[in-house]
Every structure is written in C-alpha cells, then in structure tokens.
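Reviewing the structure listed below.
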Amino acid sequence: MFRSFVDLFRRIDELDDEETDETDDEEHLSPEPPTPTDFWDPIEYGKEEPTEECVLTVLRHIAELNDHRPLGVFAEPEGNDVTEIHALVLGPVGTPYEGGFFHFVIRCPSDYPSRPPLVRLMTTDSGRVRFHPSIYEDGKVCLALLGTDTTGPTWTEDRSIGNVMAAIRWMLASENPVAEGSGFGVLPALGTWLNSDICYNTVLQHETIRVAVCDAVEDCLKGTCPYPNSLRNEVLKHFPQFYGQYEKVVRERLPMTGSFMNDALYGGVAVYQYDRLLAPPTPTDIWDPIQYVNKEPTEKCLVSVLRHIKELHVRGRRLGIFIQPEDHDVTMIHTVVLGPVGTPYEGGFFHFVLRCPSDYPSRPPLVRLMTTDTGTVRFHPSFYENGKVCLALLGTDITGPTWTQNHSIVNVMTIIRSLLADENPVPEGSAFGVIPGVGTWLNSRICYNTVLQHETIRVAVCDFVEDYLKGSSLCPIPLRNDIFQHFRQFYDRYEKVVRDRLPLAGSFMNDAFDGGIAMYQYETLLVRLRKLRERVGSTSE
1 MFRSFVDLFR RIDELDDEET DETDDEEHLS PEPPTPTDFW DPIEYGKEEP TEECVLTVLR
61 HIAELNDHRP LGVFAEPEGN DVTEIHALVL GPVGTPYEGG FFHFVIRCPS DYPSRPPLVR
121 LMTTDSGRVR FHPSIYEDGK VCLALLGTDT TGPTWTEDRS IGNVMAAIRW MLASENPVAE
181 GSGFGVLPAL GTWLNSDICY NTVLQHETIR VAVCDAVEDC LKGTCPYPNS LRNEVLKHFP
241 QFYGQYEKVV RERLPMTGSF MNDALYGGVA VYQYDRLLAP PTPTDIWDPI QYVNKEPTEK
301 CLVSVLRHIK ELHVRGRRLG IFIQPEDHDV TMIHTVVLGP VGTPYEGGFF HFVLRCPSDY
361 PSRPPLVRLM TTDTGTVRFH PSFYENGKVC LALLGTDITG PTWTQNHSIV NVMTIIRSLL
421 ADENPVPEGS AFGVIPGVGT WLNSRICYNT VLQHETIRVA VCDFVEDYLK GSSLCPIPLR
481 NDIFQHFRQF YDRYEKVVRD RLPLAGSFMN DAFDGGIAMY QYETLLVRLR KLRERVGSTS
541 E
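The opening position of the sequence shown corresponds to residue 1 in full-length UniProt numbering, with each subsequent residue numbered one higher.
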C-alpha cells in the first residue's frame, strides 16, 4: 500500500524512466502472443506446412468419417489441400434444424492429431444468425474438444475430425436447443410467449429454412456455393426429400408473416418472412450466358473447350446439332438444335447460347435458349420464356444427374436435344396452361402439341429464317448454310402441317406453358413459308 499520493507519483515516475530506458528493445515492446484458444478460425489461420503424419492421418480420418459417418454428416477436402475440409451437416428430423444444410470449414494444424482442428460454421447469413448457444454468429464453435470451451471432454491424440463432427451433430439434434429460462435473448418487454422456448424454436426453424435451406440451395443452383461439388450434390439430393416438410412448416406459419420474432440467441427483434420463403426465388443473372461477365479463361479451360467443340461438331451433326464458337472468344458458343422428326418441334431451329466459365470443366457452362420470340414463348417445361434452361447438369434444377468434371458441353446439348425429342413434352393432366373455362379439348395434350407445333413453325422456322435473310440473326453466319439446307429438306412437312390445320386459323389456342389465350395464324404462316421458299430456294448453298 502506498503511504501517500507522493509515493504513488514517485513510483509512476520510476516506471516511466524504466520504460524510456527500454524503448530500443523491440522485443520487450511486442504484444503478448495470443493464447491458444484465440486461434479458433480456420479461415484466418495461417496455413503451416503439414507433416507427413498429419497428411496421412487427415486422409484416414476423412475416409473413416465418410465410411462410418454420423447420420447426416458429409465431408470433402478442399482441392489439393487435404488439411482444409468442408463438412455438411444435415439438420436432424424432429428438431428446429430439420432439413437444414449447415456448412462447416475445418482446418487441421500441421501437427494434427497432436492438436485439435479449427472449426467454423459458415451458415450464418454473413454473421447475422446464431443457430445455437454453442455456435456464435461469427461461426465460432464452442467445444471443449476444440479448446474453445471449458465444459466437456478435451482433445487427445486418439480423437479425430469424426469425433468433432459427431459432437456438432449432437448439438443440432436437440429438440430444444435454447432451454426455458436460459437467458438467451430474453426481452421482458415482449411478454412471456416471445421469450419462451416454443418461440425460440419457431425462430430457429424460420431461420433454418431461410438461411440453411433457401440461401444454401439458391447458392448451389447459381453455382456460387462455397463447397466442393460432392457436397453440392448432397444438398440438391436431399432438398427434394425434405421439401414437403419445408412447405408444410411455412404454410402453417403463414399467418405469422410480418409479426415480431425474438431472435433467441442474438437478442434482437425481426419479423417473420414466411410469405417470401414460400414465393419462388427471384430470377438471377447467374444462369444467363449473355449477362455473365467471364474472367480470363485458364489454359485448361481453353484446351477443354476446343476439344469439346470439336467432339460436338462431329457427334452433334448426326443428331441435328450444329455448333459455332464466337470468332474471338471460344468460350462463347452458339448451337442450333434441329427439332426431331415425329415431335411438335419437327424441323424447328432452336438456337442456344453457351458460355463456358473460366475454370470449365470444373463448373458447368451457362446456357440460354434464344428462340423465344423475345421472351413470349415457352417451348418446354424445362425451358422458360426468358431462355433459362432448367437442368440439374447446369445447376438450374434439382432433379437428375449433376455436373462433374467428366461432363462437357456435349453432354449438355445431348440432354437438351433429348428434351426436344419427346413426342409429348406436356404430359396429360399436367398443370401447365390449364384454363377450366375453355373446355376439355383446349386443355388436352393433343391441343398442347398443336400449339407447340404452331409456335415452332411461327417462331423457330419463319422468324428464324427471316432473321437470317434480313441479316439480323444473332446466330453466326457460318451456320446459315446448314439452316437453309434443312429448311429446304423440311419445307414440304412445314406446308403440310399448315395446310392440314388451316380450318383452325383464327380460333383460340391455349398456350401450353404461358397459360394465356392466343389465335392460330395458319393462313399467315402459309404465306410466310411460301415467300421464304422463294428466297431460300434461290440462295446459293
């Protein structure tokens, strides 16, 4: 104890003198090194060169995790760095997290398994959502096993990333992760119910569907998901399995839309967005090759694109697929698919634009159908009026095989051609374009095919060939001879269809996909076809 303020000030002066004498000693002035528990973030952790034992152990533990994984846990290393691992935990049934896709990043230190891995939850809506008392909104996972908590078993060398993921999955298996009266997010002014565990679970379920389902699946479909393809495939595989449950929860809670929710863990107030969760996602430019700004393609990309263009040029012509890249950018590719015989699309010219991203074939191409009469005609359930092509292979649908590096533009165009080879693209009894007031026949499959055939001749034949003749076609000039040659070959079929349907001219047609009513224009189509025959017939081949 200092006897007086004089003694105190004297001691302060002495300390100042000592500090002045040591100003040249930089090591003395260095801050204290952080304690080991400060190093929890695998993203900010400075990578060290792993030992051989570390690499072998990590590989063995990843294999063990995937062979004997805890229920709903999937893991995949990051490219050529096996010490950085992406893990996906599927929210367990019967919990507020049911069907959610929770993405964790794991970094094994250079002397693993002597030290535990570093783990971060990435599914936080950019640090805005806290899903569990032991998982912070910045992604920090509090587990004694990781050295980030003081309660529970600690790390030993005989433990593995499998133990860590099992512990995390166990956290998410709780039916009531925020226990009654825990103190998390208690806001007395909101009343008893908004501070109850029932309300907490409602909030967690809402945020699971919003962030861990909708955001996660949308990122997969846009090609912006931050984890490897194998995990992306798991998301797209499990989403349809849980879809009924997602929609049931949202529909039951629709009356709560716009009401206050007390974020159980963050302690803030927001509003429920069930109406938005149920609504279809807004269109994005990610799928569109026209609006996509490509980066400088890698050498591997260019070599792959050129090889696949050559392969499609040889194989595609037998199927009625014609291909031509842009003159100064081989990653931008034009293809024309000839509508197969015996279908409503017979003899039509369907123009698709493909853009191969800079790291193709690691990612799929972006594809757009240009033959839509400026966004007014939808030719197939999987082709939208705006040109979007819905295929799991492209990441724009959830049903069917997904993209791997072994796929190519050849596979994409072969599948697209197979869609156009369907004799009945709109199955009997489907919901597409059903308008009860127009009667049975106008809603029948026969009528749908009649409409598609009419629109094929109007848009995919007459408009398409006329644009070439006017010089306003978006399709490359080198494909013109193929187009004109096949127009001449199919001309008699075009005219026969139109002549047979002349009695329908001026009557209503039910657009099979758009759900609207228009008129058949067979008289006009016959005039247009004959004029085109005169001009194309005299065109040099």
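Glycine included, each C-beta is placed from N, C-alpha and C at the ideal position.
Given residue 139, which residues of its chain have a CB within under 7 angstroms of its CB, disregarding the five upstream and five downstream residues?
120, 121, 122, 124
Bridge partners - residue 369, DSSP secondary structure assignment:
352
In terms of DSSP beta bridges, what is residue 509 paired with?
518
Looking at residue 395 and residue 231, is the spacing between their C-beta atoms short of 7 angstroms?
no
Based on the DSSP secondary-structure assignment, which residues constitute the bridge partners of residue 107?
84, 118
Tell me, to the nearest whole angstrom, how far the beta carbon of residue 349 is from that of residue 460; I am working on the premise that it is less than 8 angstroms.
5 angstroms
Where does residue 163 land, buried or exposed, given buried means 16+ other C-beta within 10 angstroms?
buried
CA-CA distance, residue 369 and residue 475?
12 angstroms
Report yes if the CB atom of residue 92 is closer than 7 angstroms to the CB atom of residue 167, and no otherwise.
no
Same chain only: Cβ atoms within 6 angstroms of residue 509, ignoring 5 sequence neighbours per side
451, 518, 520
Identify the continuous beta strand (DSSP E) that holds residue 76 and give its terminal residues.
73 to 78
Tell me the rounded alpha-carbon separation between residue 488 and residue 85.
58 angstroms
7 angstroms Cβ shell around residue 144 - same chain, five flanking residues per side excluded:
150, 151, 152, 153, 154
If we ignore side chains and look at the alpha-carbon of each, how far apart do residue 498 and residue 457 end up?
9 angstroms
In whole angstroms, what separates the C-alpha of residue 290 from that of residue 371?
14 angstroms
Top-ranked residue by Cα proximity to residue 535, from 367, 466, 126:
466
Less than 7 angstroms separating the beta-carbons of residue 165 and residue 235?
no
Proximity below 7 angstroms, CB of residue 362 to CB of residue 405
yes
How long is the line joining the alpha carbons of residue 375 and residue 383, rounded to whole angstroms?
11 angstroms
Measure the C-alpha to C-alpha separation of residue 90 and residue 240 and round it to an integer number of angstroms.
13 angstroms
Boundaries of the beta strand (DSSP E) in which residue 487 is found, first to last residue:
Unbroken run through residue 487 is the alpha helix (DSSP H), 480 to 500; no beta strand (DSSP E).
Give the single residue among 59, 114, 328, 340 whose Cα lies nearest to the Cα of residue 316.
340
Classification of residue 496 by the beta-carbon crowding that lies within 10 angstroms, buried from 16 upward:
exposed
Output the distance between the C-alpha atoms of residue 45 and residue 79, rounded to the nearest integer angstrom.
18 angstroms
Same chain, Cβ closer than 8 angstroms to residue 33, neighbours up to 5 away in sequence not counted:
In this prediction, residue 33 has a pLDDT of 41, which is less than 50 and means its spatial position is unreliable; what the coordinates show is noted afterwards. Once the five neighbours on either side are set aside, residue 33 has no close Cβ partner at all.
So what does DSSP say about residue 44, is it helix, strand or coil?
coil
Ignoring anything shorter than 4 residues, give me the alpha helix (DSSP H) runs that lie fully in the segment 299 to 340, in order along the chain.
299 to 319
CA nearest to the CA of residue 346, picked from 200, 126, 298, 490:
490
In the DSSP assignment, find the alpha helix (DSSP H) that holds residue 276 and state where it starts and stops.
274 to 278
In whole angstroms, what separates the C-alpha of residue 313 from that of residue 98?
47 angstroms
In angstroms, rounded to a whole number, what distance separates the CA positions of residue 311 and residue 61?
41 angstroms
Rounded to whole angstroms, what's the CA-CA distance from residue 277 to residue 209? Just pull it up for me.
8 angstroms
Residue 459 in three-state terms, based on DSSP
helix
Quick check: what's the CA-CA separation for residue 408 versus residue 364?
8 angstroms
Does the ligand ADP have even one heavy atom less than 6 angstroms from the beta-carbon of residue 86?
In the structure shown, the ligand ADP is absent, as is every other ligand, since no ligand is present at all.
8 angstroms contact criterion, which residue 293 and residue 367 should meet: CB distance rounded
Contact doesn't hold; Cβ gap of about 17 angstroms is too wide.
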